Each structure stands twice: as structure tokens, then as C-alpha cells.
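So for the first sequence, our numbering puts the first residue at 369; every next one is plus one. Worksheet for the structure shown next.
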Amino acid sequence: MADLQSKLESILRDATVAALGDAYADADPLVTPAKDARFGDYQANLAMGLAKRAGRKPREIAEAIVRHLGHDALSKADVAGPGFINLTLNDALLSGQAASMLRDDRLGVEAVADPQTVVIDYASPNLAKEMHIGHLRSTIIGDAIARVLGFQGQHIIRQNHIGDWGTQFGLLLEHLIDTDWQHSADQTIGDLNALYQEASRREDNDADFARRARQRVVALQSGDEQARTIWKLLIGESVRHMNQVFDRLGVQLTDADLAPESFYNDRLASVVDALDQQGLLHDHKGAKAVFVDGFKDRDGNPLPMAVRKADGGFGYPATDLAAVYYRIDELHADRVIYVVDSRQKDHFAQFFQVARQAGWAGDGVRLEHVGFGTIMGKDRKPFKTRTGEIVKLGDVLDEAVERAAQVVAAKNPELDNARRDAIARVVGIGAVKYADLSNDRIKDYVFDWDRMLALEGNTAPYLIYAYVRIRSIFRKGGVDPASVAGASVVLTDPTERALILKLSQLPRVIESVADSLEPHRLCTYLYEVASLYHQFNHTCPVLKAEDAATRDSRLALSWLVARTLKLGLGLLGIGVVEQM
RNA sequence: GCACCCGUAGCUCAGCAGGAUAGAGCAGGGCUUUCCUAAAGCUCAGGUCGCAGGUUCGAAUCCUGCCGGGUGCACCA
Numbered sequence: 369m370a371d372l373q374s375k376l377e378s379i380l381r382d383a384t385v386a387a388l389g390d391a392y393a394d395a396d397p398l399v400t401p402a403k404d405a406r407f408g409d410y411q412a413n414l415a416m417g418l419a420k421r422a423g424r425k426p427r428e429i430a431e432a433i434v435r436h437l438g439h440d441a442l443s444k445a446d447v448a449g450p451g452f453i454n455l456t457l458n459d460a461l462l463s464g465q466a467a468s469m470l471r472d473d474r475l476g477v478e479a480v481a482d483p484q485t486v487v488i489d490y491a492s493p494n495l496a497k498e499m500h501i502g503h504l505r506s507t508i509i510g511d512a513i514a515r516v517l518g519f520q521g522q523h524i525i526r527q528n529h530i531g532d533w534g535t536q537f538g539l540l541l542e543h544l545i546d547t548d549w550q551h552s553a554d555q556t557i558g559d560l561n562a563l564y565q566e567a568s569r570r571e572d573n574d575a576d577f578a579r580r581a582r583q584r585v586v587a588l589q590s591g592d593e594q595a596r597t598i599w600k601l602l603i604g605e606s607v608r609h610m611n612q613v614f615d616r617l618g619v620q621l622t623d624a625d626l627a628p629e630s631f632y633n634d635r636l637a638s639v640v641d642a643l644d645q646q647g648l649l650h651d652h653k654g655a656k657a658v659f660v661d662g663f664k665d666r667d668g669n670p671l672p673m674a675v676r677k678a679d680g681g682f683g684y685p686a687t688d689l690a691a692v693y694y695r696i697d698e699l700h701a702d703r704v705i706y707v708v709d710s711r712q713k714d715h716f717a718q719f720f721q722v723a724r725q726a727g728w729a730g731d732g733v734r735l736e737h738v739g740f741g742t743i744m745g746k747d748r749k750p751f752k753t754r755t756g757e758i759v760k761l762g763d764v765l766d767e768a769v770e771r772a773a774q775v776v777a778a779k780n781p782e783l784d785n786a787r788r789d790a791i792a793r794v795v796g797i798g799a800v801k802y803a804d805l806s807n808d809r810i811k812d813y814v815f816d817w818d819r820m821l822a823l824e825g826n827t828a829p830y831l832i833y834a835y836v837r838i839r840s841i842f843r844k845g846g847v848d849p850a851s852v853a854g855a856s857v858v859l860t861d862p863t864e865r866a867l868i869l870k871l872s873q874l875p876r877v878i879e880s881v882a883d884s885l886e887p888h889r890l891c892t893y894l895y896e897v898a899s900l901y902h903q904f905n906h907t908c909p910v911l912k913a914e915d916a917a918t919r920d921s922r923l924a925l926s927w928l929v930a931r932t933l934k935l936g937l938g939l940l941g942i943g944v945v946e947q948m
């Protein structure tokens, strides 16, 4: 099922060739949804651009193309302004489009013909510390991207590149061994957090401790039994905690997706050797480093990327290089996506270039850093608690659910506690995620409870409410959605036309999110759908429609909206509820 | 110092592979409920799209230079 815009593009292309000749077969018809309903449904903007090439006036070209349109999909096509071609679709075509979307469980979004293998590296917290607000964005943006690409039919490989191997473990291990720590079953991540803070403090104040901690890392990485035993306990507890947070967030990451730094330990040497053999390694103050064109340090000297430190240990670039090699060579990635804070932009640019220079990433492989900005407090500084501490992710989720429960209780006091709390979990978590995803990811955004839980505007509660309203209609009317799925959609009101046009744009939106890796585009779209539905709802009675055919048509249209919202929110990792 | 990102209405944000009078929510003024949840809808007011050049038939959108704000430039990830 081709989407409307594709159909129009093909119609316009044919007309352009008919009007101007075969030489114009490659001209992009520049079809876009009309900016204003007064202009029609779609517009084609190619005439102005072709004027110079064809040596004719733009309006003349537009008129020639329109004369050759003569297609029964269009009820109207005319030329306006400097040469815009305004197109109005036949009602029958729109009805047909609605009917075929109703029949299609993918709502008109075709699976890609040639699926790619896409590796997505996201969440990737450092272990041994409790998850905090800084982990939110990577986790949910990455998850949304994985869902969207997965829905397209791409082969998705999630990689949670947890930091389980770095210096923080040296500190923690040394401290625990020092204090004769005994593991017990009821220890939690909170205890680990406290222990880590103690260890950090000692590092700052005790040079000997710091030295021993560094040695402990070496011991761990070379397989020392005592270190390994304690390390496994720490990792186990950290992963358990991480999974709890993922579970609450509704993130699709499991232990099967774990790709810890430690996993690459045995591969580091060979990766570094490979670079050496290609002559890419150079000495830098005793360390082995790669120098990448275009990167300079503060003094303007070439910037080294140390893959092997002077003490023989491997730097984090070595791990990243080993990982990208593994992902391309063994996982056969066509596309590797890193969802990481935009502050690491230079680092990614650097090692992507190394991967290309080393010949690991050929022309067919896309390496992409999906950067994102910082979550700010109302003071426009990085979001902290009132006392200036890092905000724990668990606390944020608790508060979100609590606040959502209050909002729901205020609006719908009849709900019993259990039901209200279940709704609050979906709405509260959804609100946090949506507030994040609906912003252009590259920008910083201000974390604001009131705004994210507001019932109006571009928020999760507004979208979920639109869904709830539709479910309520079906409930009150005692209508089984399956019974209207085959109904023919008739157009009686402009809002119905606007809705169908909007709904039919879903495939384009998905495509644009998949390409730009910007989930906020989907948010904007869903908000427009919900907003149009409320307008439709205001002017068009559904259950009390004038006749049975209109009623069924409107029920069918409502059902299509509900499915679009549910699917779209689902692709963002946000759930819906049946009532609220 | 060098590099990158951001700068759109009072506030929070869309729009930026160029297209018609720049959109939304909040806040402010006014209105709509015999009708499925008024958690809605309609409407008025509000903008030198940071500034200045350039490219173009056409620039918030592309290019250059400034001015603000932020970030990065480790043998830490």
C-alpha cells in the first residue's frame, strides 16, 4: 500500500514528463502536505525550480503540468502564487486510504525491503553506582530509536555497553578488601553507592590507597581470583539494580543485550596490534597513540588518542575500537548507532575516523553518534536535587508516579486505588519519557514536573487521554472495534478529511525518524493527530451520529486514531491505558 | 586560543535536505456543554525568527562574519 504522498509524487512525475519531456523524468516533484487547508491537501513546488532549466515562466510550467495531470485521484489541481501546484484529493481516494489502513495491522507502514543490521549502543551506565538522571536520556532515546528501526523491519542488535571494568572497580575492590568486607544477601546498590563514596574519598586523601587501587585494576584485568570473586558480586548487584530501573522504565534491554567493557578485554591486544601493523600507532610520551587529522590539543599540536598507556594498560579508546571492530566484523553491522551525551562528540568523531582509516568500516557502514543535551533544572543549570546532589533515577520515577496518581485522582475520584495506581505508573513514567523525547535531542531541556504532567499541550497525558477518550466511546457504545474495522469511511466534515490526511502520513514520519534518529518528530506528529482528533470529536458526534453509516464511519476513524496513537506511543516506549 | 552546539512570542518549545500571511502549549482577554470524560474545542492579543552581509525567483531554514549562552580540547569513560 503506497502512502498518499508517494502516489502523488508518481502522478506528478508522469505529468511533468508529459508536459516537458523525458529529460525531466529525474525532476523531484517536491510534493509536501499543504501548509494551509485552503490550498488543498498537498502541494507540488517543482515548477519554480524548473523555470530556469526549461527557459519558461514558472506559472506556465505549473499550468502545463496541471493540464497533463488529469488523474482521477484528484478532485482539483490549480496553480497559485509564483507557481505552486495545489492538489486536492478525491474523497474516494481518502476513504480508500482509510479503509486500507484499517485493514493493515501496520497502519500503512511497509517493512523495509532490504533490512539492515543495526547495532544500537545505549543506556551503557557505569556500574557500581546507582543509576541517576544522567542515564535517562541515553536509555530512553536509544530505546525509542531501537523500537522505530525494529518496526521498520531492520535487524536490531542492542548493546548495553556497561562500564564494568574501569578504575572505579579498583577503588571499590581495594576499599572492600581493606575493610574485610563480607558480602551478604541483603546488600543493595545503595550500600554499594555509599562504599564507593568512601573509596573515592580515600583516593583523594590517601596516595598509597590510590596507588594500590590502580594495582587492583591490573590484578582484576589479569584474572586475580580474589579480585574476580568480589568483582562478580558487585557486578551482580549492580546489574540487578539496573534491570529494576529498566523494568520500571519499560525499556527493552535484557541481560542478553549486555556488552560490558570486560567483554572486550581479550580483544584489546589484537586490535591494538592491528593498528600497529597498519602503521597507525605512534609513540606519545611512552604511550601508544593514534593521531587523527583535524584534532588538536590546546596548544595546536596533533591530539593523541592513547590506546595503550605507558604502563601497558589499555585506554578506553582501545575498548571503543575493539567494540566497533567486533560490531562490524562479527555482528556484521551496516549501521552502528551510539546514543551518548553530545559532549563526547569529538571522541566519537575521532575513533570513527580511526575505524575508517584502519579499513574496518567500509563505505557501506554508517557509524553514527546520536548526541543529546543536558537535562537542566529550572535554574538553567544541570538538574540537581535541592541540596545539590545528583538526582537518582529511581527517585525521579517514584515522584513521577506519585504526581501522576494525584493528577488522576483529582480528575477521576471514582477510580479505586489499585486501578488509579496502575494508571499512574503508565502515565507518570510516560510523562517523564515523553517530556524528554519530545524535545529536539541535541538541545538541553528544562525538567519541569508541572509541564510534563500537564493535561494540555504536547505531553504524554494529553496523548494518552485522546486514546482513553476513544476507548471510552467504544465502551459506552458497547461497540467491539473489530466490528467497525471493515466499515467504509465517509467524509462529512473537514475535520475528518484532515484526520485521514494526517493519519496517512505515518509512514513518512517513521521514515524520517529512522533517518534522522530524532524521536521528537514522532512526538510532534502524534500530538497533531491527537489534537485533530479532539477537534473532530468536538464537531462530529460519534455514537449519536445522524445515521448508522456515519456512526460506523466515525467509529472506524476513531479506531484508526486509537491504533495510531497506541502504535506511535509504543514506538516511543510509552504505554496507554483504557481509562484515566 | 582552537573546535563544536544552541539563540524563534512574556515563558516552554516545534518549524531549519529554501517555498505562499512564521506555528503550538502555558500565561493574558473573550466564547462554547440537550452531545461519547470541559482532562476538550473556538477566538482575540502577542514575534526586528540574536545582528549584519551574501547566494536565490524566494531565506527562520543554505554560506560568511560578528554578538550572546553552553560544551569539548587527559595515559577518565
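Backbone N, C-alpha and C define an ideal beta-carbon position, used for all residues, glycine too. Nothing here was measured: the structure is a model prediction, and the numbers come from that model.
Pairwise C-beta distances place the segment 511-527 out of contact with the segment 568-582, as fewer than three of them are shorter than 8 angstroms. Here T827 is buried: its Cβ has 16 or more other Cβ atoms, across all protein chains shown, within 10 Å. Excluding its 5 nearest sequence neighbours in each direction, Q536 has C-beta neighbours in its own chain below 6 angstroms: A496, listed in chain order.
Ranked by how close their Cα comes to the Cα of A481, the residues P862, Q520, S506 have Q520 in first place. Looking at the DSSP output, F659 shares a beta bridge with P672. Contact between the segment 814-821 and the segment 743-763 is present, with at least three C-beta pairs closer than 8 angstroms. A straight line joining the alpha-carbon of A642 with that of A581 spans about 30 angstroms. Contact between V929 and I841 is absent: CB atoms are separated by about 11 angstroms, not below the 8 angstroms threshold. Residue range 916-939 is occupied by the alpha helix (DSSP H) that includes L937. Apart from the 5 residues on each side of it in sequence, C891 sits with its Cβ closer than 8 angstroms to the Cβ of Y802, L805, S806, N826, L940 in its chain, given in chain order. Less than 8 angstroms divides the Cβ of L911 from the Cβ of R919. Boundaries of the alpha helix (DSSP H) around R580: 575-589.
Judged by DSSP secondary structure, V707 falls within the beta strand (DSSP E) whose first and last residues are 703-707. The residues L900, Q903, F904, T907, C908, in chain order, have a CB closer than 7 angstroms to that of T863 in the same chain once the five nearest residues on each side in sequence are set aside. Sixteen is the threshold: when 16 or more other Cβ atoms of the shown chains lie within 10 Å of the Cβ of K870, as they do, the residue is buried. Distance from the Cα of A415 is smallest, within the candidate group P450, S492, G762, for P450. For N785, the enclosing alpha helix (DSSP H) begins and ends at 785-805. Within a 10 Å sphere around the beta-carbon of N454 sit 16 or more other beta-carbons, which makes this residue buried.
Annotated three-state conformation of F407 is helix, per DSSP.
Runs of alpha helix (DSSP H) with 4 or more residues, each lying fully within the segment 802-832, are found at 817-820, listed in chain order. Residue burial is scored here from C-beta neighbours: K844 has fewer than 16 other C-beta atoms within 10 angstroms and is therefore classed as exposed. S443 and A898 have their C-alpha atoms roughly 27 angstroms apart.
Residue environment for T687: buried (at least 16 other C-beta atoms within 10 angstroms of its C-beta).
Residue burial is scored here from C-beta neighbours: P887 has at least 16 other C-beta atoms within 10 angstroms and is therefore classed as buried. By the beta-carbon neighbour count (other beta carbons within 10 angstroms, threshold 16), G531 is buried. The beta carbons of R676 and V640 sit closer together than 8 angstroms. For T860, the CB contacts under 7 angstroms within the same chain, skipping 5 residues up- and downstream, are T918 in chain order. In the DSSP annotation of this structure, the continuous segment of the alpha helix (DSSP H) that includes K713 starts and ends at 713-725.
For L617, the uninterrupted alpha helix (DSSP H) segment begins and ends at 593-617. Taking all protein chains shown into account, T400 has fewer than 16 neighbouring C-beta atoms within 10 Å of its C-beta and is therefore exposed.
The beta-bridge partner set that DSSP reports for L735 consists of V704. Closest by C-alpha distance to L602, out of L649, L470, W549, is W549. Beta-bridge analysis with DSSP links N633 to no other residue. Under DSSP, P887 forms no beta bridge with any residue.
Taking 8 angstroms as the cut-off, the Cβ atoms of A512 and V857 do not count as close. Taking the C-beta atoms as reference points, T456 is found no nearer than 8 angstroms to D382.
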